[in-house]
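The C-terminal residue of the sequence shown carries number 220 in this note's numbering, and the numbering is unbroken.
Backbone N, C-alpha and C fix where the C-beta goes; we use that ideal spot for every residue, glycine too.
A short worksheet on the structure shown next.
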Amino acid sequence: MKIIMLGAPGAGKGTQAIRISEKYGLPHISTGDIFRHNIKNGTELGKKARSYMDQGLLVPDELTCDLVVDRISREDCADGYILDGFPRTIPQAKALTEALEKMGTQIDYAIDVDVPDEDIVSRMSGRRACPGCGATYHIQFAPPVKENVCDVCGEALIVREDDKPETVQKRLDVYHAQTQPLIDYYKEKGVMFAIDGTKKMDEVFEDITAILGD
Ligand code: AP5
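As structure tokens, this is what we get:
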């Protein structure tokens, strides 16, 4: 099963992708996580990506496409995967389609987690992230057991640099201009499924599994 998660920044793609990954035993591939990992480790890719991410802009396609195509060509992706945050532009989607065609395969499900901009702004202000293991929390909707401490690895939680209010608006503008057109792209391919992302996390997951099956 090859799945793409679409939706605005903060719509809950990552939250649901982790649950899908656990239920169906598929690798969860988040380009945002890959870039953040590279930033943390001070790699060349990380240095380049950071200058875009901190401004709420997309990392250029040429730094992104090969990285994802390389990742999905690995053995653990043979039975499928969940792409979270990729593709994000029409050129990325076309590059993915082309690469998959060469492998003799295609995307099975594009799931759009739909949340209005007003809700996104409040979700982002409450998100807390673990700089150690990447786990995500929300101070109201998914709090850690101990305030501000990661349940998984015990590190102190932070507000992501790009979750500051001024950057969130920029990310939403970029989403509407560059990523939303992918909904029509995957509709035309007959694999587009829209989910109401304003529901509770468990309900959103139920709606997704109703589409993916048992
Ligand atoms: P990335 O990390 O992919 O960020 P994003 O798409 O902006 O998505 P987020 O991680 O912010 O949110 P999410 O939808 O996963 O929501 P989450 O589950 O955390 O990318 C970051 C940056 O990297 C980009 O801006 C760009 O610069 C770069 N980048 C990445 N991929 C790229 C690409 N392909 N091309 C170019 N550049 C790229 O949930 C959000 C919060 O809400 C959490 O606190 C969560 O607990 C809470 N929550 C989730 N679901 C619910 C619910 N149902 N009800 C209440 N709260 C909820």
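Local conformation of residue i per DSSP, three classes
i	result
Gly38	helix
Tyr118	In the sequence as displayed, the identity of residue 118 is Asp instead of Tyr. Looking at Asp118 - three-state DSSP - the assignment turns out to be strand.
Val127	helix
Ala183	helix
Leu163	coil
Thr173	helix
Cβ-based burial, residue i [other Cβ within 10 Å; buried from 16]
i	result
Pro93	buried
Met109	exposed
Gly48	exposed
Gly62	buried
His182	exposed
Short Cβ contact (8 Å threshold) for residue i with residue j
i	j	result
Met7	Gln22	no
Leu163	Pro171	no
His13	Gly203	The question names His, but residue 13 is Gly in the sequence shown. Yes; because the gap between Cβ atoms is below 8 Å, this pair is in contact.
Val119	Ala17	yes
Thr142	Gly91	no
Asp40	Ile88	The residue asked about is misnamed: residue 40 is Ile in this sequence, not Asp. Contact flag unset, no.
Extent of the continuous alpha helix (DSSP H) run through residue i
i	result
Met207	Met207 to Leu218
Leu106	Ile96 to Lys108
Arg25	Lys19 to Tyr30
Ala55	Glu50 to Met59
Thr70	Asp67 to Ile78
N- and C-terminal bounds of the beta strand (DSSP E) containing residue i
i	result
Met7	No beta strand (DSSP E) contains Met7, which DSSP labels as neither H nor E.
Cβ of residue i within 8 Å of any chain C Cβ
i	result
Cys159	In the displayed structure, chain C is absent; only one protein chain is listed.
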